[in-house]
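One structure is given below, encoded as structure tokens.
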């Protein structure tokens with residue numbers, strides 16, 4: 010039997026876990042906090058008394074004898090089971106369920122795996138990185154033949170061996186002794202392990218695309234709609250509606266393969282509405298293989314995230330039949346994917362990629378401002394709020410203050426908003442040049458603007474009604490990003506070093522810079538509705554050395570006792586989107602109030 014305490018120490022670098030379930034890593038705890046472990050194939054076979062270390066060549070050889078359609082459908086089933094779990098997928102009950110599906114809990118292998126999750130506490134058997142890399146290898150090496158249920162189960166043992174065997178490849182040769190190696194690894198880990206919550210993601214995108222942008226600029230909304238339709242063959246509304254229907258199908262785990270012609274037969278959606286969605290998001294084996302080869306040629310090899318799978322999270326197992334490769338990537342493609350598709354549309358026209366995506370900067374800024382104003386008012390002890398305050402000595406020298414300023418007595422909070430994702434190389438390869446460019450664009454440029462506004466406020470050039478610089482003892486600078494920004498120990502150290510080197514946000518009166526995402530702001534509003542101030546949340550996070558270098562979301566979950574509350578406003582936005590989808594798909598009239606009641610009932614159950 011395995012010495013679980015021993016393998017836990019050897020594999021500290023396996024998998025991120027939130028602080029609420031972090032394991033004790035004994036002597037390495039100070040260096041590698043909040044990191045869990047996964048069981049490798051080498052350790053599994055050693056526990057079985059048949060020690061063996063897997064190679065990629067052995068996996069490729071086994072996959073060559075298997076149907077790619079069978080493999081992808083089974084991977085999609087495992088991924089959907091993990092994705093649809095009520096809570097984190099690394100919980101023992103979720104892992105136990107998948108063990109039962111894959112090898113059976115009564116088998117010799119199943120018993121060892123159960124012992125790993127029960128005796129080790131936080132050992133993970135199935136994780137996203139494992140499934141993504143195995144999907145990559147399936148597309149590259151498996152056979153093109155039609156599905157045959159793994160040769161009528163005669164070849165299933167080979168497939169199960171691949172599922173567990175790939176874990177020996179995930180961190181092969183990994184070293185994190187130098188700061189550069191640690192930084193690259195942290196970026197790759199954050200890229201593959203971050204998951205946005207569905208409700209705030211859908212609620213926010215519905216607000217930006219379907220509410221704020223059309224309200225503020227019909228012309229911009231029309232240009233974006235035209236470009237999106239021209240590039241994809243479908244409208245934005247149809248894209249969201251079909252995407253929601255496909256996610257619901259795979260989220261319910263109602264079979265591994267989707268036949269859209271059959272699935273949509275009972276809906277009001279005609280083939281000309283839903284067919285383009287699959288043309289955009291799906292590839293067959295040869296198509297996905299070509300995309301993966303191009304990606305590797307451009308960015309280099311990796312066992313972490315995949316741009317190709319992010320772009321094409323659906324796999325065409327047979328003509329007109331689809332399975333999901335990654336439900337996490339599917340969710341991102343249905344929401345954040347609009348941003349990327351519009352960038353591709355501009356590129357296809359020979360224009361700058363930001364031609365259409367640049368239109369979302371102001372709507373996102375306004376969404377953040379409104380969120381902070383609502384949350385501030387909901388605390389019951391509101392403070393003055395200002396936004397884009399003009400200042401300067403002459404009209405030609407006029408500037409505008411930070412996007413939002415909250416006038417907490419003695420501790421004002423200055424907020425800058427920035428939209429746009431990190432580069433592919435940053436998230437999938439931990440490319441340090443790409444990360445440096447991302448930091449410059451998303452952090453340093455905004456830090457400079459914060460520094461300028463704070464300096465003008467302190468020396469009296471920026472005058473804000475009801476906010477007195479003379480009483481300010483410490484000012485909190487905040488950047489809110491449209492997409493998740495990775496945060497870990499080494500990432501935080503690099504950003505702090507860069508700010509110091511550039512001379513931004515320095516001095517005793519300036520608190521540490523806080524970087525949070527729109528999703529995290531959603532949870533902040535939920536806490537503010539319970540009476541907590543935005544200042545208290547930010548300062549609580551950044552003032553604790555144990556939480557300051559890490560994700561704000563982790564802090565908020567821990568602060569909420571294992572769960573961060575949602576914001577009522579974005580629950581309404583989510584309900585608006587759901588009601589619109591029910592109307593379009595089934596012709597069913599559901600009020601926002603009815604959808605909210607269903608959400609509440611789901612929460613109780």
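Residue numbers (the numbering used here): 10 to 614. We put the CB at the ideal spot given by N, CA and C, even for glycine.
In the displayed model, residue 365 falls within a helix according to three-state DSSP. Boundaries for residue 331: no alpha helix (DSSP H) harbours it, while the beta strand (DSSP E) harbouring it runs 330-333, taken from the DSSP string.
Beta bridge pairing from DSSP links residue 485 with 422.
Separation of the CB atoms of residue 421 and residue 476 is rounded to 6 Å, and the pair is thereby assigned contact status at 8 Å.
Secondary structure of residue 490 (DSSP, three-state): strand. The Cβ neighbour count for residue 83, taken over all protein chains shown within 10 Å, is at least 16; the residue is labelled buried. Rounded to the nearest whole angstrom, the C-alpha separation of residue 576 and residue 452 is 26 Å. When secondary structure is reduced to three states using DSSP, residue 395 falls in the strand class.
Per DSSP, the unbroken alpha helix (DSSP H) holding residue 253 starts and ends at 245-260. Taking each of 359, 376, 355, 291 in turn and checking the Cα distance to residue 334, the smallest one comes out for 291. For residue 459, the closest alpha carbon among the candidates 574, 480, 484, 568 is that of 484.
Going by DSSP, residue 523 is part of the beta strand (DSSP E) stretching over 523-526. With fewer than three CB-CB distances shorter than 8 Å, the region 561-578 does not count as touching the region 236-254. In the displayed model, residue 167 falls within a helix according to three-state DSSP. In this structure, the beta-carbon distance from residue 385 to residue 543 falls below 8 Å.
Within the region 510-562, the complete beta strand (DSSP E) runs of at least 3 residues fall at 523-526.
In the three-state reduction of the DSSP assignment, residue 133 falls in the strand class, which pools E and B. Residue state for residue 277 is assigned as coil, using DSSP reduced to three classes. Residue pairing for residue 291: DSSP places it in a beta bridge opposite 323.
For residue 343, the enclosing alpha helix (DSSP H) starts and ends at 336-343. Shown here, residue 413 sits in a strand according to DSSP, grouped into three states.
The secondary-structure analysis by DSSP pairs residue 408 across a beta bridge with 400. For residue 407, the CB contacts under 8 Å within the same chain, skipping 5 residues up- and downstream, are 399, 400, 401 in chain order. In terms of Cβ geometry, residue 210 and residue 528 form a close pair [threshold 8 Å]. A straight line joining the alpha-carbon of residue 433 with that of residue 331 spans about 26 Å. CA-CA distance, residue 162 to residue 156, rounds to 11 Å. One Cα belongs to residue 57, the other to residue 51, and the distance between them is close to 10 Å. Note that the C-beta distance between residue 499 and residue 195 is below 8 Å. Judged by pairs of C-beta atoms under 8 Å, the region 217-236 does not touch the region 461-471, as fewer than three such pairs exist. Just measuring C-alpha positions, the residue of 152, 104, 146 sitting nearest residue 74 is 152. If you draw a straight line from the Cα of residue 245 to the Cα of residue 581, it comes to about 20 Å.
Counting every other CB atom within 10 Å of its CB across the protein chains shown gives residue 298 a total of 16 or more, marking it as buried. The way I'd put it, the region 586-601 doesn't touch the region 508-528; fewer than three beta-carbon pairs between them come closer than 8 Å.
If you look at residue 97, you'll find it isn't in any alpha helix (DSSP H); DSSP assigns it neither H nor E.
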